[in-house]
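Here is the structure we will look at.
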Amino acid sequence: IVEARLNSMLKEDSYDSQSEVAPRVGIIMGSDSDLPVMKEAARILSMFGVSHEVRIVSAHRTPAMMFSYSSSAQERGVQIIIAGAGGAAHLPGMVAALTPLPVIGVPVRASALDGIDSLLSIVQMPRGVPVATVAINNATNAGLLAVRMLGVADADLVARLGPLNLFVVIYKCYVRLICQT
Ligand code: RP5
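The sequence shown lines up with residues 439 to 619 when you count with the UniProt record's numbering.
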């Protein structure tokens, strides 16, 4: 049911989570309630033509799935994982413990504590298990950071990341934000 809801929410907004090519970025989140925030990362990756997949994987509700997703991601060709969660947001840290891939954590504002709980849960990782944490609800930056990371070894992507293109992307995000508020 969750998968069907996820697909229909992604389809409504025309995010291509079901790309034909192997996904370079895995976008995962603890609940489908995180999707309104997390789909902004998918939007950025789509803008830059970076293949990606979107999955609901919970550290608490589906720990076995979290384990298998994290430990198989690299061999499937995934290069970066963006993980978003709210509240007791253990997903990004647990995933980082299970894969050598870079993990970008997105603290989702999901509880009475206004996202501070999510932020602290994600950012306060012990030495040896890094998670690159972006600002609360800022999945846009998670997408852009993933593009920059891939750009280190991808000349085409670097060209698309040029100042003008980056300006256009940020402008589009800004316009969208203004239209929503
Ligand atoms: C977290 O709990 C999820 O990442 C979500 O942000 C939060 C609330 O989940 P739901 O109760 O809305 O499914 O695990």
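Backbone N, C-alpha and C fix where the C-beta goes; we use that ideal spot for every residue, glycine too. No experiment lies behind these values; they were computed from the predicted model shown.
Nearest C-alpha to E491 among L557, R565, A479, A534: A479.
Note that the C-beta distance between C611 and T578 is below 8 Å. Nearest to R481 by C-alpha distance, out of G553, D594, V596, A580, is A580.
Between the C-alpha atoms of I574 and V567 there is a straight-line separation of about 20 Å. Under the DSSP assignment, R493 falls in the beta strand (DSSP E) whose first and last residues are 490–494. The bridge partners DSSP lists for G522 are M467, V544. A residue is called buried once 16 or more other Cβ atoms fall within 10 Å of its Cβ, and D472 is buried on that count. G522 sits buried, since 16 or more C-beta atoms from the chains shown fall within 10 Å of its C-beta.
Look at T571 here: in three-state DSSP terms it is strand. The Cβ neighbour count for Q562, taken over all protein chains shown within 10 Å, is under 16; the residue is labelled exposed. Rounded to whole angstroms, the separation of the alpha carbons of R565 and L588 is 24 Å. Between the beta-carbon of M467 and that of I494 there is about 6 Å, and that keeps the pair under the 8 Å contact cut. Taking 7 Å as the cut-off, one finds no heavy atom of the ligand RP5 near enough to the beta carbon of M504. Beta-carbon to beta-carbon, V569 and P538 are separated by about 13 Å, too far to satisfy the 8 Å threshold. Relative to the ligand RP5, V546 has its C-beta within less than 7 Å of a heavy atom. Beyond the five residues adjoining it in sequence on each side, F505 comes within less than 7 Å, by CB distance, of L536 in the same chain, given in chain order.
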